[in-house]
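Written out below as structure tokens is the structure these notes cover.
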Amino acid sequence: MRAALFLPSANWYCSQLCAWGVPRDGSGSVYFAYGCKSHVAIYEMLLTDENTLGEPRFYADVPRGKHDKRVTSVVFLHGADEELLLACAGEEGSIQLWDVAKREMVDRQRKHKTEIMAIASAEDHTIVAGDRNGVLSVWRRDTGISTLATPIAGDCIYCLHVAGGMVAIGYRSGKVILWDVHQGAITTRLKGHDEEVHAVSWFTAANDKLLLATSSRDKKLCVYDGDNLIMESQLPKPKKAMSAHQLGRLWFTHAWMPCADADAVRLVTSSYNGELYSWEWSLSKKRPKLSVAPTIVKQGHTRPIFNIAALSLSTASTYVVTVSMDRDVRVLHAPSMTSHSKLAGLGGHVYTLQFNASGVLAAGIGDNTIRLVRDVHSPQTTCDLVWKGLQSKVTALAWHPMSPTMLAYGCEDGAVGYYDTASHQHIRFKAYQKGMIHQVAWRAPPTTDGAPVQDWLAALDAVEHGERDVMETTVASHSSSALQLWICAGDGTLTVANPETPDAPMKAVNKRWGVHNVTSFAWQPNAVTCAVGTKDGIVHLVVDDDKAHQYMDHTKAVSCVDWRGSTLVTASYDGSVCVYDFTGERPQGPARVFKGHATGVTCIAWSPSAEFLASASMDGTVQVWPQGDDRGFNFRGHTGRVLTVAWVDDKTLVSAGEDQSIRAWAYTDQTCTLPPKGKEDPAPAPASLVTSKKSVPKQPKAPAAVTGLLPKAVIDVESVAKMLDPPSSVAMIDDAHAQYMATGDWERAARLLVLHGHIGDALRLVAKEGSKLSPVWLAYAPMAGSDVWREFTGLYAKQLRDARAFQDAALHYTSVGDVHAAIECLCDGQLWRDALALVHLRCSPFDPVRTATYEALASHLQATHSAEEAGQVYVHLNQPDQALACFLKAASPSSFDAAARLPLSNSLALDLANRAMVLGFDSAVAILLAALPPESDPTAHLFLAFYLRSKLPPSSVMVSNQVLAHSLLAHRPEGLPPLLTEHLTDGSWFWAALDAPGIALRLRDADEDEVRESIEKTFGVYLQAAPIHGRLLTHLVRIGTDVAQGCLVSAFETWSTTLAWLLSTTEGSELLGAFCLVFPRGVQRSPIDDGELGTESSAAQDLWALFFLYQCIALARVVRLEANTDPLASQEALLFLIQWINNELPVEQLEALGADVTRLTRTASNELSLLYHQLLATPAGDSAVGDDTLSASDHDDPQGSTPDAVDE
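Quick note on numbering: the UniProt record's numbering labels position 619 of the sequence shown as 619, and the sequence is numbered without any gaps.
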């Protein structure tokens, strides 16, 4: 799972910030995108058969780059291969092009020097952009050439739109021009506006009339036909009183909408507040004046709208996406303009995330709100907003431990309170803290059994007023059920408040406990121990109100502390996380220290099972640490500092921070094991010393001070005498060595041993007692002998390995002949190419380390989701079962091809064939068919052969030696209209398949009943996944069996049953496609007389009547689908089919045929009549044809639409 629960709110005051995108791959999805901060949010909506859209689902969050600025404009277009692309522009002046399906950037243009205000696409291969300086760029992607022009110098381009090769441009001054892309010149200057133009857009009306709409801050909406102004209206004044500030933030944008009346046009515009205005008028009717009166559409926004983008699926199904100052993005359904869905955006940093026992997520936001999410899997539809009474950024939250609806909060201005999410009751404490609230927490103080107890808060009050000694033991609260609220503020105070008396002053405990500059705290559950972190990096343990111990393992301020049972975790802005185990005696130091974050840790959180610890950091990542490993899982989905993290379950986390987003993700999906390494910035020089390079000459570096091996001493007559006396001089070295050993100066003591020539002892002293070995010390080792050199080179290599310098460590291991250790070291560092090269270079083919290294590589590839590559390794290891599992997990065409080449049993091969057919991996099916022994399962072999034949590209001419096939081709109908003839082709693969040697022989020996049962048993998975194609193949195999064995009547009865099923289950061109497989050029009313068809003429007559009717229905359906291309020809074709049925099957003939023929005749007549009347009702249908040409049987069956829908 990886999704953005909430993203930043859409950017404001941009002319073209949202757009719709429709792929051309027939995927059934529609996308809309909008800019939010420096990202582009993309949401996917599924398109149904009724031209309606499902709920928006988060699809991608496109980051423009670390140094890129706010997004200002987005537009969708299509690439050379019909792929859907997204172009987005930003304030830094660049245009990025992203492949939507691959979610990756494919191109970039950096021609602009300042903020790009608007972009548009012309004919998919050209992108036009305008910037704040008035520069217009035309980027032709097919040639890679970008040209720049300045149509109007000194004026800012605010918006633009392209139709064909004409660009409409609106300027800050109110000017509107038309620019020809091909000529590179202004063609028309329109009347324009008095203030900046907020939107321009083209629209193709009836009769291909091209209209241009413009809207401006001057409150005017204009529509032009060429250079003629055909509509000019003024935005009405708001009905409610508004302040000058509210009136001054008007953004007047618009979008074209389709109308039911083809002669009418409609515009939807924004207004002063969140309402939409609809402007509709007729182009043919004359109006007494240019203006049009709008109607108000109330659709949910509460503040001004900046962007409107419309997507028309049909005249009755149009969707509009709107972006508003209220931080919501709404999708509306038109023409009703009812709300379809809403996406809430965040207007500030997310400071804290907290789950309660019921799974409700509370988020403290920097836009002075709290978001309550009841279900993280549906955040937008289960989110409640808390804002009343909050006057500052919400920086701390804590759920009540016993009441899952009670939520305490703290704000940046020092305000503290709590909120009941069930009753919506809000209580705020009267007293304010000094500084931002870092942390709030509930605590139930323990009671003292067997003795009277006093109020704990009253005791603190007595301490502050001097009525009680500060060292006197404080007793517990009078009620175990009464909870206290503890607060840590930005000024370093730690205070406690009574929620039942919010007007009473809060009590500080810093003086009582003797701790100052508190930055975080945590009470041990069901205990009297509190861990307190401070600004100087010290963690104090306070037990029974007495400071019992302190830990100084951090070098900077402690950001957070947390207990999990008897385990304490602390985190600091020095980037480290310390874990202390209090299971037994109080520890003297941390049991574990996690280091890896480049900058400070801001938040820590235990997983529900306590097996993992998550840490959020200012380096922009979240690290999940396993309890027993220094490496874990690193999430890098944020673009700013991560301020908070929380666990949803044992695999899923939510995190948030400065990028104003809340993201849910699974740690197992992360490929990085540690946070990225940060760059160490040098300390800045004091301001008083900063001067220019010219004013101060460069000073030479002072020579480094030389330190002797012996302790420093005064040079006098006595010391000189000792230096000159050999025994005294040697004694000085021995005394110095003893002194260094006593003081723990192991480095200098070892150097004196080198002087004695005891190099081995010196190296052992440094390795055991002193600091780590260095290259300098290792250079002395050869002088002590090869054994000493090997020993300490191995120790140094281990030291390098522990420091994660794997390559250097491997070289040192190799230098002393420990090749196996070198290979393990390279594997630890994931330097697989180096490791395998060393294996092949230095190890024998039978060395077990070869297999171990291959298996380690395969495990690594599986862990990093490179399943196909792992499968290749297992193939090399001759482990087909593991290889097959990896190939199936990869689920790509190449991986299935590799899986098909494995030595598989027949059952596994057929199971793999099922999977490959479901996924459409036909090359894998071909490989499996070639490897499958025909005698093992003849029916499966037949079905796979038919499947592959059905996937071959269609040929223009059928090639078959079948006598029956040629009879069918010769018996085709004559005199059909061209529109019908072009849909009947003789390129059928079915009859050609029956000629194939392997297929023909098996068909003659097959049993039809066994064929059906075997196919359903063996290929049930594919038949369920592709019911139409699978059932067609099954029936075609049965028909082929009957044809090969001369049972023609049985074959065509099976095909009639198949077509009846297709007629009732499909509505498009599927019926005609299936029909042409057996009858490539159609059928006449009279049957052919080949074989049994000639001897059993009665059955043949009924069958051919049914095939004739199926043919008419199938052709009618295809004609109706293509009616928009040539409506008149479609009407003529349908009329021909109706008359054809009437001529070929008159009433007197129907009486002599079977009941199935009669029912299907009624169905055909009804369906063709309905389709014909639908065509007549279309606006383009101006051909007058009377209904008297229809058969009388058209009115016999008012409801039958399938062969079984009418009773005799």
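Quick reminder that beta carbons are idealized off the backbone N, C-alpha and C, glycines included.
Which one or two residues does DSSP pair with N228 in a beta bridge?
-> D225
Where do the N-terminal and C-terminal ends of the alpha helix (DSSP H) with K651 fall, by residue?
-> Looking at the DSSP string, K651 is not in any alpha helix (DSSP H), and its letter there is neither H nor E.
With distances taken from CA atoms, which of R1162, L1171, D49 and A664 is nearest A1133?
-> L1171
Return the CA-CA distance between Q627 and S655, expressed in angstroms with no decimal places.
-> 20 Å
Which of the three DSSP states, helix, strand or coil, is assigned to K511?
-> Note: K511 maps to helix in three-state DSSP.
P8, buried or exposed, once every other Cβ within 10 Å from all chains shown has been counted against 16 | buried
Buried or exposed: which applies to A10, given that a residue is buried once 16 or more other Cβ atoms fall within 10 Å of its Cβ?
-> buried
Measure the C-alpha to C-alpha separation of A451 and P445 and round it to an integer number of angstroms.
-> In this prediction, A451 has a pLDDT of 38, which is less than 50 and means its spatial position is unreliable; nothing more can be read from the coordinates.
For residue 1211, collect the residues of the same chain with a Cβ closer than 6 Å to its Cβ; drop the 5 residues on either side in sequence, then sort them by chain order.
-> Because the chain here runs from 1 to 1208, residue 1211 falls outside it and cannot be looked at.
CA-to-CA distance, L311 to E91, given in whole angstroms = 27 Å
Nearest-angstrom Cα distance between K113 and S339?
-> S339 has its alpha-carbon roughly 40 Å from the corresponding atom of K113.
May I ask which residues mark the beginning and end of the beta strand (DSSP E) holding W625?
-> Note, W625: beta strand (DSSP E), V622 to P626.
Rounded straight-line distance, which links the Cα of T1125 to that of L980 = 14 Å
Answer yes or no: do F946 and V1037 have a C-beta to C-beta separation smaller than 8 Å?
-> The Cβ-Cβ distance between F946 and V1037 falls below 8 Å.
Runs of beta strand (DSSP E) wholly within the stretch 919–952 (minimum 3 residues, chain order) | Whole beta strand (DSSP E) segments, 3+ residues: zero.
Identify whether L290 lies in helix, strand or coil by the three-state DSSP scheme.
-> coil
To the nearest angstrom, report how far apart D155 and N133 are at their CA atoms.
-> 6 Å
Spatial distance of K693 from H554 (CA atoms) | For K693, the predicted structure reports a pLDDT of 39, less than 50, and the residue's modelled location is therefore unreliable. A value from the coordinates is still provided. K693 and H554: Cα-Cα distance of roughly 39 Å.
Which residues mark the beginning and the end of the alpha helix (DSSP H) in which D802 is found?
-> S786 to D802
Where the alpha helix (DSSP H) containing S1050 begins and where it ends | L1048 to T1065
What separation, rounded to the nearest whole angstrom, lies between the Cα atoms of G527 and A441?
-> Reading off the sequence shown, one finds Ala at residue 527, where the question assumed Gly. Computed Cα separation, rounded: 15 Å.
Counterpart residues of R592 in DSSP-defined beta bridges | V579
Using beta-carbon positions only, say whether S520 and H438 come within less than 8 Å of one another.
-> The answer is yes: Cβ separation under 8 Å.
Is R1120 buried or exposed, if buried means 16 or more other CB atoms sit within 10 Å of its CB?
-> buried
Between which two residues does the alpha helix (DSSP H) carrying V181 extend?
-> Careful: V181 lies outside any alpha helix (DSSP H) and carries neither H nor E.
At least three beta-carbon pairs within less than 8 Å, the stretch 598–616 to the stretch 319–333 | no
State the CB to CB distance for the pair I662 and L5, rounded to an integer number of angstroms; the pair is presumed to be in contact (CB under 8 Å).
-> 4 Å
Would you identify the three-state DSSP class for R428, choosing helix, strand or coil?
-> strand
Rounded separation between V265 and W202 - CA only | 12 Å
Should the stretch 1009–1019 be called in touch with the stretch 1047–1064, which here means at least 3 C-beta pairs below 8 Å?
-> Per the Cβ contact rule, the stretch 1009–1019 is not in contact with the stretch 1047–1064 (fewer than 3 Cβ pairs under 8 Å).
Where does G575 land, buried or exposed, given buried means 16+ other C-beta within 10 angstroms?
-> Counting Cβ neighbours within 10 Å, G575 comes out buried, since at least 16 surround it.
What did DSSP end up calling M783 once you bin it into helix, strand or coil?
-> helix
Going along the chain, which residues of its own chain have a beta-carbon closer than 8 Å to the beta-carbon of R108, five neighbours each way excluded?
-> Once the five neighbours on either side are set aside, the close Cβ partners of R108 are S94, I95, Q96 and L97.
Beta bridge counterpart(s) of R57 as assigned by DSSP | E44
Report yes if the C-beta distance between T939 and V1043 is below 8 Å; otherwise report no.
-> no
Take L390 and list the residues in its own chain whose beta-carbon comes closer than 6 Å to its own, dropping the five residues that flank it on each side.
-> N368
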